[in-house]
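Take a look at the structure set out below.
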DNA sequence: TACTAAGCTCTTTTT
DNA sequence: GAGCTTAGTA
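Numbering (my numbering), first residue to last: 27 to 792.
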């Protein structure tokens with residue numbers, strides 16, 4: 027749609043006709059601080075897009091509008107929708123995730139704080155690897171200081187704008203560390219930031235922290251951007267953390283034209299520092315704020331909306347809001363109990379097959395949601411068997427695969443030779459005879475000479491103490507130099523192809539004819555194709571440099587490369603990834619205590635509340651039909667553990683539930699798996715209100731017996747009597763499969779029949 | 001130095 | 001079961 031050249035107008039533009047009154051108000055009120063509290067399914071994205079379109083309609087240059095989202099998916103979706111309303115002009119909007127927008131700003135401004143403009147972005151793997159290196163160098167035990175834990179704490183500090191220096195002076199934090207016997211955190215933090223800085227690298231948090239630092243210390247720069255962004259919109263405001271909050275506050279300080287949209291009930295990112303207080307306090311920060319509440323749900327049936335509310339109402343911390351719907355009542359939520367993960371998969375696949383037939387629905391209408399990425403496997407298998415096409419969102423992203431990261435590391439290193447994490451990946455891959463010994467000498471020299479690793483490599487001839495590895499290192503250095511020489515004259519695709527071939531990476535993978543090898547080779551080809559597309563895509567106005575490609579890749583973690591976005595397939599994803607999406611029919615699997623809610627969340631009430639909000643998000647993705655399922659047992663670390671249904675099922679008012687396949691009848695199923703009894707019977711249910719007969723807390727598993735060793739019972743025969751370390755005595759009834767997959771069905775005296783994978787079974791023949 | 005086998009540890013979600 | 005680290009061997 028093109029806008030006529032008309033005066034700024036306060037009249038309602040015609041394209042807004044089909045908005046409902048509260049939505050309309052939120053769209054028309056463009057100036058001054060605005061908060062929109064938008065319940066699930068209330069047309070939030072619609073309001074945001076129309077609002078932006080309306081601002082553009084009023085004559086504001088899209089170049090002066092900043093719209094921040096949390097995921098790339100959300101940004102892309104919104105851009106498309108706005109483009110439909112305002113045309114190609116929408117491309118000039120500053121719209122993207124916090125990280126991508128601020129990385130873009132940092133490319134222009136980072137030099138003011140001593141970073142090169144071609145800084146590298148470290149992903150979590152790089153950060154973790156750097157932490158490990160530091161721990162090793164500082165001789166710190168990585169059992170006590172687990173890299174993930176250290177990283178989490180550093181991230182927490184950064185998100186709260188506590189620098190390493192501040193950390194040393196923060197008594198509360200220091201005391202906490204001392205109390206937990208981890209007094210060296212501050213030193214590690216300092217070492218980490220120093221190393222990142224020297225490597226010209228920023229991790230995800232640094233992108234925000236450094237933006238904030240520049241805005242804070244360089245008024246001229248802040249001023250520039252404050253005046254550039256005349257209108258600021260923040261989506262999912264409930265998920266902003268402190269530093270994001272501070273940045274947006276600073277940017278909006280001049281014009282006060284800030285609009286935040288959110289739903290406190292859908293705040294699910296506290297684990298990465300999101301502060302629900304930001305939305306709760308918005309009214310305090312901007313006293314003349316206008317607040318609009320969108321409470322009508324247009325998406326889901328009454329049953330789904332009410333069921334969601336009945337769970338979320340158990341949370342104490344909430345904004346007042348009443349979500350309702352005028353939609354039909356709809357079907358009850360079907361809850362199913364399954365013996366195992368695989369049975370669960372089979373059942374879900376069957377239901378999907380039936381619903382497809384009965385209601386003539388395409389695959390696209392279905393989603394399977396789960397708490398953890400690992401749960402997708404059983405579903406995949408079942409769907410493949412049923413012949414239903416599916417697509418997994420998230421999980422191990424394409425760009426996190428080893429071979430892809432290897433090539434990207436070469437490219438990263440060429441752009442920024444201070445990037446030591448990249449160097450570590452590539453210096454001896456493909457193997458070129460620079461082993462641990464040589465690398466350690468290099469690191470030693472680097473420290474001794476106070477030079478970067480790359481400096482040492484370039485001047486390796488002046489260090490004869492390097493030993494036999496010298497010439498090999500020299501060759502490596504020259505090869506990289508030759509790549510660097512090409513960066514100015516060669517486009518990203520040609521350079522990447524050249525690198526892939528010259529380094530021998532292509533050849534190494536090509537020669538590997540195993541199934542994985544072939545797929546790895548294909549992935550490299552795919553990556554190169556991706557770079558080519560990036561180069562040839564003339565829609566994007568960004569420069570086609572390799573550096574820009576690398577940035578896009580580093581921050582674009584949520585979407586798999588998919589050649590055919592219109593493919594008709596079922597969506598499989600985590601609940602987190604599903605935020606903002608909707609599907610006619612949703613299957614929510616793995617509704618088991620300790621899985622969802624996660625075991626780790628059961629420690630304190632706040633985290634449990636977040637899990638509850640997560641459940642709320644999951645349920646409200648469904649438009650018409652919702653299925654909940656759980657398994658009574660599940661394999662974990664190679665052994666079968668009993669599971670209990672999630673407390674969240676219990677919290678739903680039972681009048682919304684169809685429990686025919688879950689509760690009373692399933693008692694029979696339940697008892698058939700008699701091994702469960704052993705673990706469950708220790709705790710009787712405390713509440714007779716519960717719709718389940720199972721208790722909420724599983725008894726601990728019996729301790730392991732160190733005298734038992736896994737495997738090595740290849741001579742096992744049917745009829746043998748065995749002793750299992752946990753399950754006791756039994757007789758082998760059947761042996762199936764071969765080699766690594768060999769399994770034995772054993773009738774145990776006390777707990778009934780079990781199928782054990784011999785490779786992992788800890789038992790011996792009596 | 002490079003490759004293989006055995007051993008140990010892991011529990012979440014994302015930019 | 002998987003991914004990673006260490007120990008052992010060529």
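Heads up, the beta-carbon is just placed ideally off N, CA and C, and yes, glycines get one too. Owing to the predicted nature of the structure, the values given are computational and were not obtained by experimental measurement.
query, result
"Residue 427 vs residue 576 beta-carbon contact at 8 Å", "no"
"Separation of residue 152 from residue 447, as counted between CA atoms", "6 Å"
"Paired residues, beta bridge with residue 120 - DSSP", "92"
"Coarse secondary structure for residue 600, derived from DSSP in three states", "strand"
"Continuous beta strand (DSSP E) stretch holding residue 243: start and end", "Counting along the chain, residue 243 falls outside any beta strand (DSSP E), though it belongs to the alpha helix (DSSP H) covering 230–243."
"Residue 413 classed as buried or exposed, judged by whether at least 16 other C-beta atoms fall within 10 angstroms", "exposed"
"Residue 477, enclosing beta strand (DSSP E) - first and last residue", "It is not in any beta strand (DSSP E) - residue 477 carries neither H nor E in the DSSP assignment."
"Contact the segment 129–136 vs the segment 78–93: 3+ CB pairs below 8 Å", "no"
"Status (buried if at least 16 other CB within 10 Å, exposed otherwise) for residue 204", "exposed"
"Cut-off 8 Å between Cβ atoms - residues of its own chain near residue 46, not counting five sequence neighbours on either side", "69, 322"
"Host beta strand (DSSP E) of residue 550 (start-end)", "Per DSSP, residue 550 belongs to no beta strand (DSSP E); it is in the alpha helix (DSSP H), 541–562."
"For residue 95 and residue 101, the rounded distance between their alpha carbons", "6 Å"
"Any 3 or more C-beta pairs closer than 8 Å across the segment 160–178 and the segment 271–282", "no"
"Buried versus exposed call for residue 508 [16 or more other C-beta atoms within 10 Å across all chains shown]", "exposed"
"Proximity of residue 67 and residue 411 at Cβ, strictly below 8 Å", "no"
"Continuous alpha helix (DSSP H) stretch holding residue 364: start and end", "Premise fails: residue 364 lies in the beta strand (DSSP E), 359–364, not in any alpha helix (DSSP H)."
"3-residue-minimum beta strand (DSSP E) runs that sit fully inside the segment 352–426, ordered along the chain", "359–364, 392–396, 416–418"
"Segment contact flag, the segment 250–269 with the segment 110–117, C-beta cutoff 8 Å, min 3 pairs", "no"
"Contact belief for residue 440 with residue 506 at Cβ below 8 Å, rounded distance in angstroms", "7 Å"
"Secondary structure of residue 511, DSSP reduced to three states", "helix"
"Of the residues 138, 372, 290, the one placed nearest residue 339, counting alpha carbons only", "290"
"Alpha helix (DSSP H) segments (min. 4 residues) lying fully within the segment 130–166", "150–163"
"Counted within 10 angstroms of its Cβ, other Cβ atoms place residue 282 as buried (16 or more) or exposed", "exposed"
"Segment contact, 8 Å Cβ cut-off, at least three pairs: the segment 260–270 with the segment 298–308", "yes"
"Own chain, CB closer than 6 Å to residue 435, minus 5 neighbours either side, in chain order", "448, 451, 452"
"Closest residue to residue 619 among 657, 521, 770, 679 (Cα-Cα distance)", "657"
"Cβ shell of residue 238 (< 8 Å), same chain only, five flanking positions each side left out", "187, 269, 272, 273, 276"
"Contacts around residue 248, its chain only, beta-carbon distance under 7 Å, and the 5 residues preceding and following it disregarded", "241, 276"
"Unbroken stretches of the beta strand (DSSP E), 3 residues or longer, contained in the segment 260–345", "284–288, 316–320"
"Any 3 or more C-beta pairs closer than 8 Å across the segment 358–375 and the segment 649–666", "yes"
"Assigned secondary structure, residue 625 (DSSP; H/G/I helix, E/B strand, else coil)", "helix"
"Test item: CB-CB of residue 659 and residue 617 under 8 Å", "no"
"Coil, strand or helix - residue 196 by DSSP", "coil"
"Which of helix, strand or coil DSSP assigns to residue 443", "coil"
"C-beta atoms of residue 93 and residue 81 nearer than 8 Å", "no"
"Endpoints, beta strand (DSSP E) assigned at residue 649", "648–657"
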